[in-house]
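Everything on this sheet refers to the single structure shown next.
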Amino acid sequence: MKGNRQIKRTNYNRNYMIALVFLALISCMSSGTLAAQMTKTQIDSIVSDAMTSLDHTVGFAIGVVKDGKIVHAKGYGKTRAGSGVPVTADTPFGIASNSKAFTATALSILVERGTLHWDDKVVKHIPEFTMYDDYVTSNFTVQDLLTHRSGLGLGAGDLMLFPDGSNFTMNDVLNAFQYFKPVSPFRSKFDYDNLLYLVAGELIARVSGKPWSDFIEDEILNPLQMQHSYASYGAAANTETIAVAHGFNGSSLKAVNAPISKGTVAGHEGLNGAAGGMWSSARDMCNWMLVQLNKGTYGANLDKSLFAPHQQDEMWRMHTPMAQQQDPNSPFKVHFSGYGLGWFLSDFNGFFKVHHSGAIAGMSSEVTLIPELDLGIVVLNNSDGAGLLNGLLGFVLLEEYLQLETGINWMEMAAGMQGQQQMGDPDAEEVWRTVAANKNNTVQTKNYVGVYEDDWFGKVEIFEKGGDLWFRSEKSPRLNGKMAFYKDTTFAIKWEYQDMNADALAVFTLSENGSAQHIKMKGISRFIDFSFDFQDLDLNRIPSPLESTGTGRYTIFALKSPK
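Okay, structure coming up:
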């Protein structure tokens, strides 16, 4: 994490527990017993017990491949809370960042065809690509787009993508990198990013002559007969069986608003889904895992090739090392980890593990491969906090197959973590208590009203409505919300968008005459998802000719303030 950035607790618990289910399943396989002992009926029974024990799930799907065959592919629960539509092995879920491996594979196909090379400079294909430094710009390669070693901080610029419904274009993305401040030397450190994968998607389009979504569908999904997989939410939404995302509001699960679909990827007209826009089903993801485990070959007799084996080796080569993990008390024996091309890589109990997770509002996915065991596992769910279900499943299997004498009751642990999720957010509670205590403070709203601009995020307007200040972004209109006085020159913003925990603080700097000139922001909760990188904004007031009219209306950009 960069500085004090931490993902929200629900995401942390979910990803942690999802990881544990795969460690457990993989441990079972590494003992050589899963294929011999674990039947479909047994898996069904374990999943059923887990879903009954934990109420933070609506739908769930799992797929397992072993020795070149699909061992298990099945759905559980419902596509939407309160509906009668069951999740099946063919129900599409948003796989989020597991889309990155598809983008890496697409580039591998183009490299194998000789259309481009891994060490090509990005500016060779996208001349307007500009990083924060001339040297970095001129030396940034195709592989650098995929390996999270750019020198930029965690999730830099993700506010262009989160929440959905933004109006940013690919030109905006390509122009943004020059304004980001690096946090480490180029190629020296891992910091996860999304925007550079969008550049990779744009590169695929320019080199192949096809939009990223068309290339993925034509060159990967169709050959692999992934008939229930889509390169955008807009395409997936045409099926009645799509899984609906659900958020946890502190007491229950509730369906979140459908992504706003404007173009090639939900909510992002002119952008692509190369970083996280794909939807797929458990059965289709089994086909995807099989072609990866078979080093690019597929078909009944493995007589067809999607990419060459040496391209698989390149994708699974560790390009960016991460922290060593040497915990003598861990039963999983993980010593090192890093990132390849679209995949996380590590050792596990003496085996090589290839994996990736993905999370969007109210939905998550996890894929893990153990090539030496010819094993692949995928888990998909449509509920915020459903990682607790996966964790419970994982540790039941762990105890059963490895016969570990941990002395831990995994059922109780998962239930306890679920209880923690229901305890609320102490940071947010403290802020809103202070807001309530200071609600009678007099605020000179006219001192804050105006238009402010950040070099990469664009313009925002602070306007008055009903005696209150409001915040609204020009290019991310769902970041619209009422501002409440917190203390000093700081206001708390309650967004109208509540699909994810993203409420923020806006800290104003005033001139000597009391007029606001500058805004810095940060998330209210320490658990806010890192993609809400408010702290990277540097909003400066734009002088307006209307300031002397006393109208209180700023029309410097085409955003009409509500009356």
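Just add 853 to the spot in the sequence shown (first one is 1) and you have this note's numbering.
Glycine included, every Cβ here is placed at the ideal spot set by N, Cα and C.
Quick caveat, the model's predicted, so the values are computed rather than measured.
- When 1052, 1001 and 1056 are compared, the shortest CA-CA separation from residue 1039 is found for 1001.
- Our two residues, residue 1140 and residue 1375, have alpha carbons roughly 42 Å apart in a direct line.
- Here the stretch 1285 to 1294 does not lie against the stretch 1008 to 1021, with fewer than 3 beta-carbon pairs under 8 Å apart.
- Residue 1086 is a Cβ neighbour of residue 1112, given a cutoff of 7 Å.
- In the DSSP assignment, residue 933 forms no beta bridge with any residue.
- In the three-state scheme derived from DSSP, where H, G and I count as helix and E and B as strand, residue 951 is classed as helix.
- The beta carbons of residue 1289 and residue 1377 sit no closer together than 7 Å.
- Relative to residue 941, the option among 1279, 930, 968 and 950 whose CA is nearest is 930.
- With respect to residue 1132, residue 954 sits apart: the two C-beta atoms are not nearer than 7 Å.
- For the pair of segments examined, the stretch 949 to 968 was found to touch the stretch 1213 to 1232: the number of CB pairs separated by less than 8 Å reaches three.
- Around the C-beta of residue 1393, fewer than 16 other C-beta atoms lie within 10 Å, and the residue is accordingly described as exposed.
- Residue 957 sits close to residue 1168, with the two beta carbons spaced by under 7 Å.
- Residues of the same chain with a CB within less than 6 Å of the CB of residue 1312, apart from the 5 flanking positions on each side, are 1304, 1306, 1327 and 1410 in chain order.
- Judged by their CB atoms, residue 1158 and residue 1175 are not nearer to each other than the 7 Å cut-off.
- Note on residue 1080: under 16 other CB atoms within 10 angstroms of its CB, so exposed under the neighbour-count rule.
- If you draw a straight line from the Cα of residue 1091 to the Cα of residue 1161, it comes to about 34 Å.
- Residue 1097 and residue 904 have their alpha carbons spaced roughly 18 Å apart.
- In the displayed model, residue 1197 falls within a strand according to three-state DSSP.
- Judged by their CB atoms, residue 1095 and residue 1088 are not nearer to each other than the 7 Å cut-off.
- Around the CB of residue 991, fewer than 16 other CB atoms lie within 10 Å, so the residue is classed as exposed.
- By the Cβ criterion, the stretch 1201 to 1214 is not in contact with the stretch 1311 to 1325, since fewer than three pairs of Cβ atoms, one from each stretch, lie closer than 8 Å.
- Each of 1287, 1389, 1380 and 1353 was checked against the Cα of residue 1341, and the nearest Cα belongs to 1287.
- Look at the beta carbons and you see the stretch 1349 to 1362 not touching the stretch 975 to 990: under three pairs across the two are nearer than 8 Å.
- Only residues of its own chain outside the window of five on either side were considered, and among them 1099 and 1100 have a CB closer than 7 Å to the CB of residue 1107, listed in chain order.
- Within the DSSP bridge table, the entry for residue 1219 names 1210 and 1232 as partners.
- Under DSSP, the beta-bridge partners assigned to residue 1157 are 1151.
- Burial state of residue 1331 is buried, judged by a 10 Å Cβ sphere holding 16 or more other Cβ atoms.
- In the displayed model, residue 904 falls within a helix according to three-state DSSP.
- In the DSSP assignment, residue 1374 falls within the unbroken beta strand (DSSP E) covering 1369 to 1376.
- Under DSSP, residue 1323 shares a beta bridge with 1316 and 1335.
- DSSP places residue 1100 in the uninterrupted beta strand (DSSP E) bounded by 1099 to 1101.
- Secondary structure at residue 1394: strand, using DSSP grouped into helix, strand and coil.
- One Cα belongs to residue 1060, the other to residue 1278, and the distance between them is close to 47 Å.
- In the displayed model, residue 969 falls within coil according to three-state DSSP, outside both helix and strand.
- Under DSSP, the beta-bridge partners assigned to residue 1306 are 1312 and 1393.
- Residue 1334 sits away from residue 1318, with the two beta carbons spaced by 7 Å or more.
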